Amino acid sequence: MWLTAAGIAGLLWGSFAASFAYRWPRAQSVWRGRSRCPACGRNLRAVMLIPLLSFLCLKGRCSDCHAAISYRYPLSEIVSAVSFVIIAALAGPGANALWLLALAALLLPLAMVDLEFQLLPDVLLLPAALLGLFHHLHLGFPQGSWQIAALGLLIGAGTGLGLRFAIRYWKKQEGLGLGDVKFFGLAGWWCGALALGDFMLISGLAGLAFATLWRA
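Here it is as structure tokens:
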């Protein structure tokens, strides 16, 4: 039941994340206005908004104009559902799983916007940072954990800044934006200095796989 609930929540969130990744960079309201077909502009009926199933039933096409629906919508729903199930399975029922699921919920649309527009919005980075603070407070900051988290933030942000300036110096162009620097710091804040390297490796590989599917 726990994993099923996580999977369903992942599907629903993946649908919202895809909508956010489409609307926010275009300065469209994320919360107001009905979803529409990008091709013909017709409002989507409720039955057409069911995650994954609607895409399969419609055979990947708008029911009105028959234009192809981007595969990125079902892809985001599948990736979100799989991520939620994996986290739920590894963490088990409890508060720790909820913290990690909330973080994953912020990272998914962050990755989508980054892949499509090379932007890492503060509207997602800041809540993720605050979530990390509340998570640390919830754990009660065991002995030494505050210092490890703060050091991780400094190392992560410092590494990002170092890469940014190095690329600018050697290639005479921007290689990393400030959003990337903030993300490096965010990773260190969540993982701490000791686990930062492992996180960057795993997230890099996962991001590469997701980017390959996203741009296919």
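Going from the sequence shown to the numbering used here is simple: count from 1 and add 874.
The beta carbon of each residue, even a glycine, is placed where N, CA and C say it ideally should be.
Just so it is clear, the structure is predicted and the values come from calculations on it, not from any experiment.
Spatial distance of residue 1035 from residue 1088 (CA atoms): Counting from one through the sequence shown, the residue named residue 1035 turns up at place 161. Counting from one through the sequence shown, the residue named residue 1088 turns up at place 214. The straight-line gap from Cα to Cα measures roughly 27 Å.
In chain order, what residues of the same chain have a beta carbon less than 7 Å from the beta carbon of residue 1038, not counting five sequence neighbours either side? Position 164 of the sequence shown, counted from the start, is the residue given in the question as residue 1038. Taking C-beta separations shorter than 7 Å and ignoring five residues to either side along the sequence, the partners of residue 1038 in its chain run 1049, 1050, 1055, following chain order.
Boundaries (first-last residue) of the alpha helix (DSSP H) holding residue 1027: The residue labelled residue 1027 in the question sits at position 153 within the sequence shown. Start and end: 1019–1045.
Can you say whether residue 859 is buried or exposed, counting buried as having 16 or more other CB atoms within 10 angstroms of its CB? Here the chain covers residues 875 to 1090 and nothing more, so residue 859 does not appear.
First and last residue of the alpha helix (DSSP H) that includes residue 951? Here residue 951 is taken as the residue at index 77 of the sequence shown, counted from 1. Its alpha helix (DSSP H) spans residues 946–965.
Which residue or residues does DSSP assign as beta-bridge partners of residue 917? For the purposes of this step, residue 917 is taken as the residue at position 43 of the sequence shown. Beta-bridge pairing links residue 917 to 910.
Decide if residue 912 is buried, meaning its Cβ has at least 16 other Cβ atoms within 10 Å, or exposed. Position 38 of the sequence shown, counted from the first residue, corresponds to residue 912. It is exposed - the Cβ of residue 912 has fewer than 16 other Cβ atoms within 10 Å.
Could you compute how far the alpha carbon of residue 1042 sits from the alpha carbon of residue 993? Along the sequence shown, one-based indexing puts residue 1042 at 168. Along the sequence shown, one-based indexing puts residue 993 at 119. Approximately 18 Å, taken between the alpha carbons.
Expressed to the nearest angstrom, what Euclidean distance is found between the alpha-carbon atoms of residue 989 and residue 883? Sequence index remark: in the sequence shown, residue 989 carries index 115 (1-based). Sequence index remark: in the sequence shown, residue 883 carries index 9 (1-based). Near 23 Å, if we compare the C-alpha coordinates of residue 883 and residue 989.
Under three-state DSSP, which class holds residue 935? On the sequence shown, residue 935 is found 61 positions in, with the first residue counted as 1. Residue 935 falls in the strand class under three-state DSSP.
Take residue 889 and list the residues in its own chain whose beta-carbon comes closer than 6 Å to its own, dropping the five residues that flank it on each side. Stepping through the sequence shown from its first residue, residue 889 is reached at position 15. Closer than 6 Å at the Cβ level, and outside the excluded window around residue 889, lie 925, 951.
Would you give the residue range spanned by the alpha helix (DSSP H) that residue 875 belongs to? What you label residue 875 is simply residue 1 of the sequence shown in a count that begins at 1. That residue, residue 875, is in no alpha helix (DSSP H); it is neither H nor E in DSSP.
What did DSSP end up calling residue 1067 once you bin it into helix, strand or coil? Position 193 of the sequence shown, counted from the start, is the residue given in the question as residue 1067. Reduced to three states, the DSSP call for residue 1067 is coil.
Euclidean distance between Cα positions of residue 1069 and residue 1062: Here residue 1069 refers to the residue found at position 195 when the sequence shown is read from its first residue. Here residue 1062 refers to the residue found at position 188 when the sequence shown is read from its first residue. Looking at the two C-alpha atoms, the distance is approximately 8 Å.
So, does the segment 971–988 touch the segment 890–898, judging by three or more C-beta pairs under 8 Å? yes
Can you tell me whether DSSP reads residue 942 as helix, strand or coil? Here residue 942 refers to the residue found at position 68 of the sequence shown. In this structure, residue 942 counts as strand in the three-state DSSP scheme.
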